[in-house]
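Protein chains in written order, with our numbering: chain L, 1 to 255; chain G, 256 to 338. Note that the Cβ used here is the ideal one computed from N, Cα and C, for glycine as well.
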Amino acid sequence: MIARASRVASTGISFAVFGIAGLILSLLVLPFVRSWPGTAREREFRCQHVVRHTFRHFIRMMVALRVLDVEVRAEEQLRQPGQLVVANHPTLLDVVFLVSLMPQADCVVKREAFSNPFMRGIVRSTGYLPNDLGGALISAGAQRLRAGRSLLIFPEGTRSSLSALGPFRRGAAHMALESGRPLRPVVIRCEPPSLMRGQKWYDVPERRMHFSIECCEEIDPGDVVGATENRGAAARKLSAALRDFYEKKLQTPGH
Amino acid sequence: MAAKVSQSEILGWVVEVFQKEFDFGGDELQLDTHLIDDLDLDSIDAIDMAVRLEERTSVTFSDEDLKNLRTIRDVVDLIDGRL
């Protein structure tokens, strides 16, 4: 009971620190870093570097406060440039983990992040892409992949509910097909389930959260989709195969 | 003067586009079939649908048109009204 109360307090402190750090980054640090000379790409990469290291420290703090522990498998696979990384989205912290693990990542984020005072400075200075651009998002994403940048997308578009993996949007599949790049799936598990959609941050579980992040082998669109299929049908097939992959993976526990 | 194209003929074109573009079976494609709820059409699919129908019918679809389409009947009616 005392341990749980202590974790509620530690979780509260962690999110308060995250909010304050987000504001400081947005209002002070990133505008300064972005103002240094360089191309747009160099400026965005510098800001992504700052965000990545901030997120790393944030995770270290949560581990030190015994809010969670984390195990990452095949982390080296996330260090390759020009990857289209997709992940399931069980918790609030998924993007923090993945950004902290990838040397460079252009995230596809909800439009609301661009008006959230804690997040807007981050998403604007890092060149992250809003997820409501339709066809323009696919073109922009594919162009970035071809230019050697890595993209991070959560195909569910929002956090999973407690009961099940959500439906998959087809943007990642479209980008893979348009760019010719494979999908790099990452499976995120959190035991006991916490910080999911519908759960409050203070609904901390009986024991410390254990995160398992598993980087899996790439899925080549060519292995799933026939060469002559239309774009719409091909994206549906690839997206269904990706969701099927996650359904199967999530039936097996992490370690 | 060109003969008026019937609604059933337009429905045939629409069904053909959905079958070819998205691999749907004919049974799934009725006038009251909902584009999002039943066919899971997203914004990119809607553009692909519009491009194929424009090629077939020469009727152009604006972004506003695409936003307002709910069912296959809406697609058929829109084409019918502009032919």
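Would you report the Cα separation of residue i and residue j, rounded to the nearest angstrom?
i, j, result
"Leu92/L", "Leu195/L", "6 Å"
"Arg307/G", "Val269/G", "9 Å"
"Arg41/L", "Arg181/L", "21 Å"
"Ile138/L", "Leu296/G", "16 Å"
"Ala3/L", "Gln251/L", "30 Å"
"Gln285/G", "Asp329/G", "12 Å"
"Leu23/L", "Ala9/L", "21 Å"
"Ser6/L", "Arg43/L", "40 Å"
"Glu283/G", "Gly135/L", "26 Å"
"Asp318/G", "Asp300/G", "13 Å"
"His49/L", "Ser161/L", "31 Å"
"Asn356/G", "Gly121/L", "The structure shown does not extend to residue 356/G, since chain G spans only 256 to 338, so no value can be given for it."
"Arg73/L", "Arg189/L", "12 Å"
"Asp106/L", "Glu206/L", "35 Å"
"Asn256/L", "Ser313/G", "In the structure as shown, chain L begins at 1 and stops at 255. Residue 256/L is therefore absent and cannot be evaluated."
"Ser12/L", "Ala21/L", "The displayed chain sequence assigns Gly, not Ser, to residue 12/L. Going from the Cα of Gly12/L to the Cα of Ala21/L covers about 14 Å."
"Asn88/L", "Val33/L", "31 Å"
"Val224/L", "Asp278/G", "15 Å"
"Glu191/L", "Phe118/L", "28 Å"
"Ser14/L", "Asp69/L", "14 Å"
"Thr258/L", "Pro31/L", "This structure cannot speak to residue 258/L, because chain L is shown only from 1 to 255."
"Gln274/G", "Gly267/G", "10 Å"
"Glu229/L", "Arg60/L", "46 Å"
"Leu27/L", "Ile219/L", "39 Å"
Among the residues of its own chain, which have a CB less than 7 Å from the CB of residue i, if the five just before and after it don't count?
i, result
"Asp420/G", "Here chain G covers residues 256 to 338 and nothing more, so residue 420/G does not appear."
"Glu309/G", "Thr315, Phe316"
"Ala172/L", "Leu84, Val86, Ile153, Pro155, Leu183"
"Pro103/L", "Arg79"
"Val272/G", "Met304, Arg307, Leu308, Arg311"
"Arg170/L", "Ala235, Arg236, Ser239"
"Glu75/L", "Leu101, Cys215"
"Gln262/G", "Val331, Asp335"
"Asp287/G", "Thr326, Arg328"
"Trp201/L", "Thr11, Phe15, Leu195"
"His57/L", "none"
"Lys249/L", "Val187"
"Val204/L", "Arg4, Arg7, Val8, Thr11, Ser194"
Hey, residue i and residue j are a contact pair by Cβ (cut 8 Å); roughly how many whole angstroms apart?
i, j, result
"Leu165/L", "Tyr246/L", "6 Å"
"Asn131/L", "Val109/L", "6 Å"
"Arg66/L", "Arg236/L", "Arg66/L to Arg236/L, Cβ: 44 Å. No contact."
"Arg46/L", "Trp36/L", "7 Å"
"Ile334/G", "Ile291/G", "Going by Cβ atoms, the distance from Ile334/G to Ile291/G rounds to 19 Å, so no, they are not a contact pair."
"Ser100/L", "Phe168/L", "About 24 Å; that fails the 8 Å criterion."
"Gly148/L", "Gly82/L", "4 Å"
"Leu145/L", "Arg231/L", "No, Leu145/L and Arg231/L are not in contact; Cβ-Cβ is about 16 Å, not under 8 Å."
"Ala305/G", "Leu321/G", "6 Å"
"Val29/L", "Leu98/L", "Between Leu98/L and Val29/L the Cβ distance is about 21 Å, and since that is not below 8 Å, they are no contact."
"Arg197/L", "Arg159/L", "4 Å"
Quick one: list the residues of chain G neighbouring residue i, beta-carbon separation under 8 Å, in chain order.
i, result
"Ile138/L", "Ile299"
"His57/L", "Those do not exist, as His57/L stays about 37 Å from chain G at its closest Cβ, beyond 8 Å."
"Arg52/L", "Simply none; closest approach about 30 Å."
So with CB distances below 9 Å, who are the chain L contacts of residue i?
i, result
"Asp320/G", "The contacting residues do not exist; Asp320/G stays about 15 Å from chain L at best."
What residues of chain L sit near residue i, judged by a beta carbon separation below 7 Å?
i, result
"Glu276/G", "Asn230, Gly232, Ala233"
Starting from residue i, find everything on chain G with Cβ-Cβ shorter than 7 Å and list it in chain order.
i, result
"His174/L", "Ile299"
"Arg169/L", "Asp297"
Find the residues of chain L that neighbour residue i, judging by a C-beta separation of less than 8 Å, and give them in chain order.
i, result
"Ile302/G", "Gly134, Gly135"
In chain G, which residues lie less than 9 Å from residue i when you measure between Cβ atoms?
i, result
"Arg149/L", "Those within 9 Å of Arg149/L in chain G number zero; the least Cβ separation is about 21 Å."
"Arg236/L", "Phe277, Asp278, Asp295, Asp300"
By Cβ distance below 6 Å, which residues in the same chain neighbour residue i in space, the five residues on each side in sequence not counted?
i, result
"Gln143/L", "none"
"Arg111/L", "Pro130, Asp132"
"Gly157/L", "Arg169"
"Pro221/L", "Ala176, Leu177, Leu238"
"Ser179/L", "Ala142, Leu145, Arg146"
"Val260/G", "Leu338"
Spatial neighbours of residue i within its chain, please: CB distance less than 8 Å, with the 5 preceding and 5 following residues excluded, ordered by chain position.
i, result
"Leu25/L", "Val50, Val51, Thr54, Gly121, Ile122"
"Phe114/L", "Arg120, Val123, Arg124, Pro130"
"Leu63/L", "According to the sequence displayed, residue 63/L carries Val and not Leu. Result list for Val63/L: Asp69, Val70, in chain order."
Would residue i pass as an interface residue toward chain B - the criterion being a Cβ-Cβ separation below 8 Å?
i, result
"Glu191/L", "Looking at the structure shown, chain B is missing, and the protein chains on hand are L and G."
Entirely within the segment 70-111 of chain L and at least 4 residues each: give me those alpha helix (DSSP H) ranges in chain order. 94-101
With a floor of 3 residues, list each beta strand (DSSP E) that falls wholly inside the segment 136-218 of chain L, ordered by position along the chain. 151-153, 183-191, 209-215
Quick check for students: name the residue ranges of the alpha helix (DSSP H) that lie wholly in the segment 260-288 of chain G, counting only runs of 4 or more. 262-277
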